[in-house]
Structure formats: C-alpha cells, structure tokens
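Take a look at the structure below.
Chains as they are written, first to last, in the numbering used here: chain B, -13 to 246; chain E, -13 to 246; chain Z, -13 to 246; chain P, -13 to 246.
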C-alpha cells in the first residue's frame, strides 16, 4: 500500500503516520514482525494490519497513537529531514502554479534525497518524472525513498549533469532545485514544449538574479519570483498567537513559461 | 478544450491565457467569430485555433501576445477576482497538505464563485466535489465557471445549508471557506472517513479560535493552523527587491484529521 | 510651538494633528486667520489657540476632530509622503539601535525632503545633524520642513556630494539613505569616532551586498542587516485580522560599528 | 560611566560591549581586578580603562575583541535574555511612535526585569519613569539593572498593582507590558494628560482584542495595533539570503491617544 493509493483499511506494507501529538508523529509501515520504538513505549506494527485508517492504537505503556494515512506533506517532511531546503509549502506552490496533473512529463534536477521527486511523481502519475543528479549516491537514497513511496514506477533516475543538457523533448515542465539553475535555462528551453513551465527553487537572491537574467535572455515570459513565509499559529482558547520560532526563509521560487 | 486537459495545440473552445506582460494577462477561449479587445488593440480569437500553445500572436496595432495554456492558478485568479478571499497560495497549501488525488470524494462549503471548487475538482477528477451553498445565485455563477473550466462533471452543486448537516458519508476531506466553520465541525466528523481531512479557511483569528475549540472537543487530531505570506520579488539585474505593495493577509488555514 | 517641545496647551504657531478617524488626520498649525478645509467641513485654526491638547473641536458641518500634539512619527509620515522610501518603522529602528541621545553629532546623506533629518535632529538636539545632499532644491524643501518643525537650529545643511568626502571628524554616527552608500564607507570610517555607528537604508539587496562588502573591507565590525515588516491589525470585537493590504517592503537597514 | 552618557574614552566602571563576532558579544564593565572569561580565553577588565571605545583588545589566547560602547539595544538584549518577551524592535517602535524626549513623565507596568524601563528612562531622562510591579522580587532585579545602567535616578519603582489604580496625573504616556492591560485602561485615562499616549505590548491577539474594546469604550482615539517582524539578512558576497531561523512573533503593540 503505497503513498500513491488511497485506502480505508491498512494493509500489510501500507504507510502509516502514527500521530501522538502536535510535535510527535512517526512515519512507518505496517510490516509483520516489525516494532516501532518511541519515547512513549513501543508498538507492534503487525497490529496495524486490518485496522481502518484513523484508528487509535496503544503502546505497551498505554500511550494512544492515531494511525493516519500519510500525505505527500507528511512524507516529504520525513524523508528529507536532514538535507531539506525546499519545504512542503514551496512544493505546494510549484504543484499548483504548474497545474501538475496525471500524464504530464516533467524533468527535475537535482534529485537529492528524492523529496521533491516524490511530490512531483505523486501528482503526474501515471506520467513520468525524469530526475537528474550528478551524484550517484544521492540517487540511491532517492531510489529507496521512491520505492518505499510506491512511486518509483513513475520516475526515471538519471546520473547525469543537467547543466550539460537535457535528453527529453516536449516536456510539460522543468523543475530545478540545484546550485546553478541559470546554467540549465537554455537546456530547459529546448526540452520544454510551447507554453511549458520552468520552475526553480533557490535559497539565495543572487541565484534568482542570475536565473531571471538568463530567462529573459532566452525569451521566457510570465517570469515571476515568489517567496512564501509560513507562520504557524498557536491556538489555545483565549490565547491565540503566532508561534515564537519560525522558519524565516527556505528559498525563492522562480517561475517562467516558454514562448515559441 | 477544458482546464482539465493538457494539449499541445489550441482547439476550438480551448482556454487560452493571452500574456502581454507581467501585469496584463487575458483569460479567454479560442472561439470562432469572437474578438478580444485590449488596451493594446484587438485580437481575432479564431486566429488562435490550430496554433501550438506558446505561440506569439499579434494584435491589430502590432502588440505581441503569447498564447499560454492556463493552469488552475491563472484560472482561479481570473474567475474569482471580485469576491476573492482565498488566494491560489492558500488553495495550493490545501491541495498539497490533503494530498488530493484522482478519485477522491470531497465536501466543500460554501461554493461562492466556484474558484476553490475548480481547484479541488481539478485535482480529484474523476472523483467528485460535493459543493454546498445556501445562496442559489452564487451557485449559478459557480456552475458557469465550472462549465467553462470543463470541470462541472466532477462537481455536485447543492443549494443547502451545510451547518444543518452533510448528506455524504465516508468522504476523504471536508474543505470550508465560510463564515461559521465551527458549526460544521460535528457534521464534518460524521461525513469523514477515518483519518479524513478537515480544512477551513478563515480571514479572522476569532473564527480560527472557535473552530479549533470545536475540533478539539470533537476529537480531531493533528490540528494545525497556518498563515501563508506570499511576497513577490521584483528582479531587475543589479536591483532586486521585494515588491512594495503586498497582499498582507488573506486568511488562516486550519487543518485537522479525524481519529476514530 | 515646535515639534521639539512638549506642551499641554496649544499656542499660536503650535503644530496640531487634527484626528478625524483612523484614516484621516491633518497636520496643521494654530495660525491666526488660517482655515483648514477637509472633506468634513472647515475649521478656523484660530480657534485652536489656548485649547489643551486632546481637546475636541468641531467643523462647520459638525464633524468632531481631536487636536493632538504630533510626534516625529506623525510628522515624518506627513512631510515625506510623496518621495518617501524610508518609513517611520525604519527610522525607529535606527534611532534605537544607535542609541541616539542629546548632544550627539551625526552625519546624514542624502537630505531628501528632510524627513529622516527631522527624526535624527529630534533625538540628538541640542546636538547637531550634518546633512549632505548634492541637490540644492531638495535642501530647500528640507529647510522649510525643518524650520516648520522647529529643528533647523540643530541641522547644518550642506550642498555637497558625500561620495567625495565628509568634512566632519569624530562624529557619533553616519546615517545614509542614498543610492550608492558603498561609496561613502571609507569617508564614514574617517568621520566616525572609535566605536561610532554606521547605518544605511537601501531598497535593493544589491545595494546592501555592495555596502557590506565595503564595510568588511574597511574593518567595520558588528555588521547586521535587518528588514522590518510592519503589519497593521484590524481589531473589531469578534473579528480581528491583519489588514489586507500591506507595505510589503520599504528597504533593508545595514548597521556596523567602527573598530579602531 | 553609565549607559546614559556618551564618552570617547573608557573610564573605570564604564560599560563595554566586547565584540568577538556576529554571534558572540559580552556586556561587561571596566572594573579593576575583574576578569572576563570567554570561550576564546580571558581578558583583564582593568586593561580596558583608558582605552578609546572602538579599540581592539586581545585575550590571553590571542583572540581579538573590539571594545564598543553599548546602546540601549545591546543593553536590553543582554539584561532581559531569559524573561524577554518584548524585543528591542518593539521598544524602538514605542520610543519613536510616542516621540519620547527629555523631560517626559511616563508610567510603566509591569517592571519585570527592567529592560523596557531602561529603554524608556534612557530617552526621557532627566524626566521620570514610574514603574509599577506587584512582584517585589522582580523590582529588585530591575533596580540592579537600572543602577548598573546609571538610569536609576530617573525611575520610581513602585511595588503596587497597577490594575488597582495609578497615583500619578498629567503624565505624557502609559506603557504596559503585562498580562491584563485592559484592566488598566480606565486608570491610564485618568493618569494621562490631554493627547497623552497609551501603548501596550501583548503576545496574544485575545489580549489585544480586549484592550482595544476597552480603549474604544473609554474614548481613546487614534487606536492602532501593529506587529513588527524583524528579518535578519545573511550577507556573503554572491550569496545573500534571509536567515533560516527567525523569531516569528514577539507580540502586538497597541497605541492610542487620550481625547479630552
């Protein structure tokens, strides 16, 4: 039971997000013989099989967990925790701005841990994501994450330097999360179909500037650069306020479209 | 040719976003005998038929437009311009956080002009959106917008007061954009399947507070309240800065999941 | 009665901020024979003389105004409305970060309309602000504003190009609001006393980058760059929310201190 | 040598901010026989006496520090680090919005650790701050901080419950940083002179709502509620970006003025 499916009942192998409280959630699978150890006791993962999603399960020390079906949001937050720069809020913006839909063909670089790859594949399947990365070890990590997510069938992992060229043609979108996106702009132009989407995530404003200069030179139109700030609110009755600590910056997202 | 499809070539009836510059875009359709009047001259919409998306077309006074395929982002920005409270950035967050996917069944209220309905239908089709609104005249506007978007087949419009109850059961998500979301919380609970998603957009913090109190009382878990700030960057070479004017607030989005 | 003084009673010539409602305030003076025309009727300004600040006065059509003593905040908002880039929030940050106090000597450039000059002079008087601008016509505008504010005695207006050098030595602070602050960094270094403050306001990130590079090269320490976002809240009982429209960006403020 | 003075040379007893790098600064005094221990070695504080501010001093292990004169910004950041809710950015807004100037009389509550008291006293001296707090132990901490800052002469510390009344009359401003500011509104009205300023800092939106309701009921005008977001920028040549982690919320500041 993979991330791509939707089910009411937990099967063997299904992903489960075990929710304890607002700060503690565990992404796991309902696998026979496996055990999840938490700060609030352990859970036999066998016991999840056959339950309906939303059910409460109890650890050996009596802590109550809720067994939820993870969404791409939960998934990318968990698989990418260490190397993560691009956050779910930014991925959401890309998915919606590009209007990703089943059957689309998307080029992505770099693969990294595969978090963004998962998000893209989730929305374009049974389409395909061609994911470039020069680093084979990153791609191995991504392959495992995509396999676990049940999305590997919709991804072609390519150990290649995307600044040297893109093999595909007539693709719907090129999505970049890499250090030198401006070097890919001419290749993206060639790879994209008419009206196709370019999207690039960059932490620094200098990367954005260079990329926009290239996009204009190349003839892209509808160039937009956005930054999203996500504030979480702390809501107690009679005491509502934004959270004190906040991720103040992840990066800027640059969008453009190919004019023929 | 509707919003839901993806095509390389513009057919009769296809939606076209005619891009002039960063501030001026026109959402129209390639219809025989129709003319689009702009501040930079007029265009015969016949002439779009048969062109590839991304093509440049010229108005009678020589202004160049690019004929792009609109995405949900462009679409909801245009159809909802006057009554708009919920913005594309917020819709994007909802779509991604809920992991909307083909086949899902979603309850929505209120319908309003149908902008959010379009966004939901776009991602769940061939699933279905049950959209409630007490106001029949709103639903007529929404029906036209959904029909134009080619998404009406995936929407059941209901002239009903959702605070009195929800007819559906076992739905994947309940999505609210209405004045009194807290009154719908018990109905949402009954309508949702285990682990199902509750999402509510509200401009004021008081609405959020009341809704969260009800969600806790009802036993929902993983309650999160977010506010998204979207900054647009103005990128000229050697002069990069955020835009001076900004939409400072649209609303808060409250998320929760049903625990059995 | 100038901005610099504090009084309980309105004298002839005193500044008065006539408050009608949250959106409409009029900065004027209690001058004999003068009349203030508003959308809600006219007021004889004679009639203000002798009143206590805080008093209500009525226009000829019966609209109630409150006669308030303006603060630097009100003053700079009014005198600088057209050319304004640096906002009161940014001036406040500079005043507090630098610890401006009576007796300090501050170099400022460019003078512009004199809004920032007023703010600086207000806090350092009976110290002095040396204010540079190449444009004599700007300085004439500033002179009038400073005179009206009763702060001209504490300002030396200099029609000079500050990128060519600063005449003063041993000053407490150099405060810049100009297009090329990085060209002033070596001159600021010479002009400042040990530990003295450098502050520069710039709308674009490129200006900030060049300035910080120069500051590091010159040996400045404690370099900090801040951006302030000011959100106004709309507070009605039961309906509290941030304002929809917001000034999303004014500029960045760069601070540094001179190490000997 | 206290915070209130400005000097070029470090005297015995002078405050010194020893700057090591962007993250490490030490607030200390030039006291005979005292030693400052840091992660980068120790410094004999005797050795500071007689130096000019801005001078570099070296620890026993060869680390270079710069001896800066602290401003209120540095001071309140250091003395209030543990209990701090109101930040320098918010204090700056209050100082500037109220136009605090020498000679003013201000009522403050609660005293807390005295951080805000210091800031107010710094700008109104030789005026006076009447600072209320029910908790005598807080006031002892504040007394020490004010004494060290050389500002105690301008502060009257009162162990009293400000919600029961304010003793002073005709004051220029009432500034609150306490849990129940709305209970003080009628007392503030009585204490303020005509046109006088009310300012209140509150972390939650519910406190703001109650306070604004009371301010309107009491007849205050020019009611404004602001929230300030301070973003720090990370500026390396060719790699400029906002800092990843940010204080996302400190509180809201409510302003109002007394109409007679």
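Ideal Cβ placement from N, Cα and C applies to all residues, glycine included. Just so you know, these numbers come straight off a predicted model, no measurement behind them.
Between the options, which has its C-alpha nearest residue i's C-alpha?
i, options, result
"residue 165 (chain Z)", "E:61, E:225, E:25 and E:137", "E:225"
"residue -3 (chain E)", "E:176, E:23, E:20 and E:37", "E:37"
"residue 186 (chain B)", "B:138, B:245, B:72 and B:203", "B:72"
"residue 143 (chain P)", "P:184, P:98 and P:171", "P:98"
"residue 156 (chain E)", "E:49, E:65, E:192 and E:244", "E:244"
"residue 35 (chain P)", "P:48, P:16, P:235 and P:21", "P:16"
"residue 18 (chain E)", "E:87, E:189, E:31 and E:217", "E:31"
"residue 149 (chain Z)", "Z:177, Z:82, Z:126 and Z:135", "Z:177"
Look at the alpha carbon of residue i and the alpha carbon of residue j, and state the distance between them as a whole number of angstroms.
i, j, result
"residue 57 (chain P)", "residue 78 (chain P)", "12 Å"
"residue 95 (chain B)", "residue 63 (chain E)", "29 Å"
"residue 116 (chain P)", "residue 42 (chain P)", "39 Å"
"residue 51 (chain B)", "residue 154 (chain B)", "46 Å"
"residue 107 (chain B)", "residue 145 (chain E)", "37 Å"
"residue 80 (chain B)", "residue 240 (chain B)", "9 Å"
"residue 120 (chain B)", "residue 0 (chain B)", "32 Å"
"residue -13 (chain B)", "residue 159 (chain B)", "Only weak support is given to the placement of residue -13 (chain B): the predicted model assigns it a pLDDT of 43, under 50, and the value that follows is read from those uncertain coordinates. Whole-angstrom Cα-Cα distance: 28 Å."
"residue 210 (chain P)", "residue 219 (chain Z)", "8 Å"
"residue 44 (chain P)", "residue 173 (chain Z)", "27 Å"
"residue 170 (chain E)", "residue 129 (chain E)", "23 Å"
"residue 227 (chain P)", "residue 100 (chain P)", "34 Å"
"residue 46 (chain Z)", "residue 27 (chain Z)", "6 Å"
"residue 84 (chain Z)", "residue 183 (chain Z)", "7 Å"
"residue 201 (chain Z)", "residue 207 (chain Z)", "8 Å"
"residue 162 (chain B)", "residue 74 (chain B)", "15 Å"
"residue 111 (chain B)", "residue 60 (chain Z)", "58 Å"
"residue 235 (chain E)", "residue 25 (chain P)", "44 Å"
"residue 132 (chain B)", "residue 215 (chain B)", "28 Å"
Is there a Cβ from chain Z that is less than 8 Å from the Cβ of residue i?
i, result
"residue 209 (chain B)", "no"
"residue 59 (chain P)", "yes"
"residue 111 (chain E)", "no"
"residue 77 (chain P)", "yes"
Pull up the DSSP beta-bridge partners for residue i, would you.
i, result
"residue 233 (chain E)", "Z:231"
"residue 161 (chain E)", "E:94 and E:185"
"residue 213 (chain P)", "Z:217 and P:238"
"residue 27 (chain Z)", "Z:24"
"residue 115 (chain P)", "P:92 and P:141"
"residue 169 (chain E)", "None, per the DSSP bridge assignment."
"residue 11 (chain Z)", "Z:5"
"residue 222 (chain P)", "P:225"
Contact criterion: CB-CB distance below 8 Å. Does residue i meet it with respect to chain E?
i, result
"residue -13 (chain P)", "Bear in mind that a pLDDT of 44 at residue -13 (chain P), under 50, signals an unreliable position, so the number given afterwards is only what the model happens to contain. Answer no: the Cβ-Cβ gap between residue -13 (chain P) and chain E never drops below 8 Å."
"residue 191 (chain P)", "yes"
"residue 204 (chain B)", "no"
"residue 197 (chain Z)", "no"
"residue 42 (chain B)", "yes"
"residue 125 (chain B)", "no"
"residue 235 (chain Z)", "yes"
"residue 172 (chain B)", "no"
Are the C-beta atoms of residue i and some chain B residue less than 8 Å apart?
i, result
"residue 38 (chain E)", "yes"
"residue -6 (chain E)", "yes"
"residue 103 (chain P)", "no"
"residue 232 (chain P)", "yes"
"residue 224 (chain P)", "yes"
Determine, using beta carbons only, whether residue i comes closer than 8 Å to chain P.
i, result
"residue 217 (chain Z)", "yes"
"residue 167 (chain B)", "no"
"residue 228 (chain B)", "yes"
| message | So within the stretch 47 to 73 of chain P, which uninterrupted beta strand (DSSP E) runs reach at least 3 residues, ignoring any that extend past its ends? | response | DSSP runs (the beta strand (DSSP E)) wholly in the stretch 47 to 73 of chain P: 50 to 54.
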